[in-house]
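For reference, the structure discussed in these notes is given below.
Protein chains: 4
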Amino acid sequence: MRWGDMDAYGHINNVQIVRMLEEARIAAFGPPRGAGQPGVDPQVSLFNDVPDGTMALVVDHRIRYVRTLEYRNIPAVVQVWIGAVKGASFDIHYLVLDPVTGEDCVKASSHLAFVDEATGRVQRLTPEQRQRLAPYVH
Amino acid sequence: MRWGDMDAYGHINNVQIVRMLEEARIAAFGPPRGAGQPGVDPQVSLFNDVPDGTMALVVDHRIRYVRTLEYRNIPAVVQVWIGAVKGASFDIHYLVLDPVTGEDCVKASSHLAFVDEATGRVQRLTPEQRQRLAPYVH
Amino acid sequence: MRWGDMDAYGHINNVQIVRMLEEARIAAFGPPRGAGQPGVDPQVSLFNDVPDGTMALVVDHRIRYVRTLEYRNIPAVVQVWIGAVKGASFDIHYLVLDPVTGEDCVKASSHLAFVDEATGRVQRLTPEQRQRLAPYVH
Amino acid sequence: MRWGDMDAYGHINNVQIVRMLEEARIAAFGPPRGAGQPGVDPQVSLFNDVPDGTMALVVDHRIRYVRTLEYRNIPAVVQVWIGAVKGASFDIHYLVLDPVTGEDCVKASSHLAFVDEATGRVQRLTPEQRQRLAPYVH
Numbered sequence: 154m155r156w157g158d159m160d161a162y163g164h165i166n167n168v169q170i171v172r173m174l175e176e177a178r179i180a181a182f183g184p185p186r187g188a189g190q191p192g193v194d195p196q197v198s199l200f201n202d203v204p205d206g207t208m209a210l211v212v213d214h215r216i217r218y219v220r221t222l223e224y225r226n227i228p229a230v231v232q233v234w235i236g237a238v239k240g241a242s243f244d245i246h247y248l249v250l251d252p253v254t255g256e257d258c259v260k261a262s263s264h265l266a267f268v269d270e271a272t273g274r275v276q277r278l279t280p281e282q283r284q285r286l287a288p289y290v291h
Numbered sequence: 154m155r156w157g158d159m160d161a162y163g164h165i166n167n168v169q170i171v172r173m174l175e176e177a178r179i180a181a182f183g184p185p186r187g188a189g190q191p192g193v194d195p196q197v198s199l200f201n202d203v204p205d206g207t208m209a210l211v212v213d214h215r216i217r218y219v220r221t222l223e224y225r226n227i228p229a230v231v232q233v234w235i236g237a238v239k240g241a242s243f244d245i246h247y248l249v250l251d252p253v254t255g256e257d258c259v260k261a262s263s264h265l266a267f268v269d270e271a272t273g274r275v276q277r278l279t280p281e282q283r284q285r286l287a288p289y290v291h
Numbered sequence: 154m155r156w157g158d159m160d161a162y163g164h165i166n167n168v169q170i171v172r173m174l175e176e177a178r179i180a181a182f183g184p185p186r187g188a189g190q191p192g193v194d195p196q197v198s199l200f201n202d203v204p205d206g207t208m209a210l211v212v213d214h215r216i217r218y219v220r221t222l223e224y225r226n227i228p229a230v231v232q233v234w235i236g237a238v239k240g241a242s243f244d245i246h247y248l249v250l251d252p253v254t255g256e257d258c259v260k261a262s263s264h265l266a267f268v269d270e271a272t273g274r275v276q277r278l279t280p281e282q283r284q285r286l287a288p289y290v291h
Numbered sequence: 154m155r156w157g158d159m160d161a162y163g164h165i166n167n168v169q170i171v172r173m174l175e176e177a178r179i180a181a182f183g184p185p186r187g188a189g190q191p192g193v194d195p196q197v198s199l200f201n202d203v204p205d206g207t208m209a210l211v212v213d214h215r216i217r218y219v220r221t222l223e224y225r226n227i228p229a230v231v232q233v234w235i236g237a238v239k240g241a242s243f244d245i246h247y248l249v250l251d252p253v254t255g256e257d258c259v260k261a262s263s264h265l266a267f268v269d270e271a272t273g274r275v276q277r278l279t280p281e282q283r284q285r286l287a288p289y290v291h
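Chains as they are written, first to last, in the numbering used here: chain A, 154 to 291; chain B, 154 to 291; chain C, 154 to 291; chain D, 154 to 291.
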């Protein structure tokens with residue numbers, strides 16, 4: 154959480170929570186390929202390990218704000234796992250918890266697809282990608 | 154749209170689209186009461202016209218990214234209307250269109266509730282609030 | 154100004170003011186070439202009219218926050234003009250005013266240069282670019 | 154660095170670098186008092202340890218972008234120290250380095266003052282505040 158993620162209500166802003174979900178997704182499954190330079194290997198190499206010119210696009214977000222997330226100068230806890238895996242897309246689920254009280258603050262899911270940048274066509278998940286996701290499916 | 158709403162893919166970022174939905178909601182139904190100074194009356198006085206100490210909180214967002222929204226230096230078109238109105242909450246629906254091609258880019262809805270800042274209790278919609286929303290229910 | 158540009162102090166955040174300066178610069182001198190689709194012609198075609206593969210980079214910002222900028226649901230007034238023009242760079246100056254009281258809130262300048270994306274080399278301003286900037290030099 | 158801090162040029166955006174400076178300042182000298190809940194003690198208790206109703210306001214920023222900062226999924230290195238300390242204000246200096254190459258990317262300073270929220274009056278630094286800053290003055 155950044156101090157600047159708070160809005161005039163003095164809580165972490167609902168939009169910035171979507172940014173935090175993005176960061177959690179990237180921490181777990183790697184940064185999108187393309188811009189940027191190497192850092193460390195993510196826990197699961199997924200987004201960083203697609204063919205050149207493939208983009209990971211968000212098809213939808215469903216976000217439920219269960220409890221106001223209060224800013225603290227320590228990281229929020231975000232649990233991330235995989236839901237339904239289809240032919241050419243899959244769901245990522247998130248649970249955001251207050252890092253001190255452990256209370257649920259946000260429950261969310263995103264439906265993602267890999268798309269070819271040049272043609273705009275959706276790319277089927279490869280057997281290897283499915284295998285990497287498998288241990289995290291709940 | 155701001156140029157800075159684009160991400161490294163060169164499209165309007167999915168998180169920034171949630172910021173645009175917030176702006177569209179505020180343009181239609183007024184800025185949240187509290188911080189800030191007077192500007193112009195919104196089309197419908199709702200968020201700006203709650204009792205002192207009442208916050209408008211987002212309970213959930215559902216956002217479907219139908220088509221990549223491309224940055225242009227002209228405003229995107231966002232249609233906003235009201236869906237279900239319950240005792241103490243209501244839905245706002247949004248349709249974001251490319252301002253040149255008129256193509257649908259984002260379909261979304263937010264469930265909102267009014268909450269008392271001091272007690273955290275949800276506030277029932279008043280008859281007057283319902284009356285103001287009525288013409289925009291579809 | 155967006156409502157979300159406020160921080161927990163209930164004022165427009167100093168970082169978001171830098172975003173507003175970017176938007177003012179783009180409104181006056183056009184959006185950077187590259188990503189994005191056509192909209193309207195800017196007042197002065199500068200950033201949008203560089204050779205392919207040329208980036209406009211900020212070399213420095215100097216920003217003086219004279220008075221807190223309060224959020225209003227009407228645009229802030231930003232005056233933009235050109236300062237020193239050198240061989241391969243130039244200054245943009247900004248004055249941000251409260252749109253109701255007319256009070257000065259922010260005085261700033263940015264030093265910008267055009268850089269070739271492939272080689273990283275700074276590009277000299279062309280005679281035509283100088284001519285376009287000339288009427289706005291103060 | 155967040156992936157979303159990149160702009161359409163594929164670099165960390167100059168505005169988001171100002172956000173990173175804010176985060177570095179807060180990591181070193183504590184989060185502003187007011188909104189938010191307790192986390193950990195900062196290295197130096199300054200912003201978090203002011204009297205109730207006192208705001209830390211940025212008076213100016215000077216930011217020099219020496220080299221493009223590339224996104225990596227590891228933290229950038231930000232060195233933070235104190236410059237001039239005056240009666241009622243002080244300077245924070247920053248040096249942002251690429252975490253892999255160690256190259257200087259951004260050199261910046263911010264002039265800050267403590268202001269009473271109710272009266273708008275600048276507050277003199279207390280002897281204790283000066284003492285806490287002293288070891289970090291260069």
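The beta carbon of each residue, even a glycine, is placed where N, CA and C say it ideally should be.
Query	Result
Using 8 Å as the threshold, is the C-beta distance between B:M154 and B:Y224 below it?	yes
Give the straight-line distance between the Cα atoms of D:G187 and A:A241, rounded to the nearest whole angstrom.	47 Å
Any C-beta of chain C sitting closer than 8 Å to the C-beta of D:V253?	no
Please report how far the alpha carbon of B:R172 lies from the alpha carbon of D:L286, in whole angstroms.	38 Å
Just grab the DSSP bridge partners of C:K260 for me.	C:R217 and C:L248
Spell out the partners DSSP gives A:T279 in its beta bridges.	Looking at the DSSP assignment, A:T279 forms no beta bridge with any residue, so it has no partner.
Should B:V193 be labelled buried (16 or more other beta-carbon atoms within 10 Å of its own) or exposed?	exposed
Please look up how many angstroms separate the CB atoms of B:S263 and B:V211, rounded, as I've assumed it's under 8 Å.	5 Å
Give the list of continuous beta strand (DSSP E) stretches no shorter than 3 residues that lie fully inside the stretch 174–224 of chain D.	207–218
Report yes or no: is there a C-beta of chain B within less than 8 Å of the C-beta of D:M173?	no
Around the C-beta of B:A161, are 16 or more other C-beta atoms found within 10 angstroms, so that it is buried, or is it exposed?	buried
Straight-line CA distance for A:I227 to A:G236?	28 Å
Can you check whether the C-beta of A:R217 is within less than 8 Å of a C-beta belonging to chain D?	no
So is D:A266 in contact with chain B if we call contact Cβ pairs under 8 Å?	no
Tell me whether B:I170 sits in a helix, a strand or coil according to DSSP, three-state version.	helix
Using three-state DSSP, classify B:G157 as helix, strand or coil.	helix
Just the C-alpha distance for B:T279 and C:A180, rounded to the nearest angstrom, thanks.	42 Å
For D:V168, go through chain B and note every residue whose CB falls closer than 8 Å to its CB, in chain order.	G157
Confirm the yes/no value for this check: CB of C:P204, any heavy atom of the ligand GTP, distance under 7 Å.	In the structure shown, the ligand GTP is absent, as is every other ligand, since no ligand is present at all.
For D:H214 versus C:I216, is the C-beta distance shorter than 8 Å?	yes
Is the Cβ-Cβ distance between C:I165 and C:L222 less than 8 Å?	yes
Going along chain C in order, which residues have a C-beta closer than 9 Å to the C-beta of A:A161?	W156, G157, M159, D160, A161, Y162, G163, H164 and Y224
Locate the beta strand (DSSP E) running through C:I165, then write down its first and last residues.	Run containing C:I165: none; DSSP gives neither H nor E here.
Starting from B:V212, find everything on chain A with Cβ-Cβ shorter than 8 Å and list it in chain order.	R217 and Y218
Please state whether the Cβ-Cβ distance between D:R220 and D:D257 is less than 8 Å.	yes
For A:G236, return the contacting residues in chain B, with the cut-off set at a CB-CB distance below 9 Å.	None at all; the shortest Cβ gap to chain B is about 16 Å.
Are B:V168 and A:E175 closer than 8 Å when you measure CB to CB?	yes
Of the choices C:G157, C:G189, C:R178 and C:D158, whose alpha-carbon is the least far from that of B:M159?	C:G189
When you compare the CB positions of C:V253 and C:I170, do they come within less than 8 Å of one another, or not?	no
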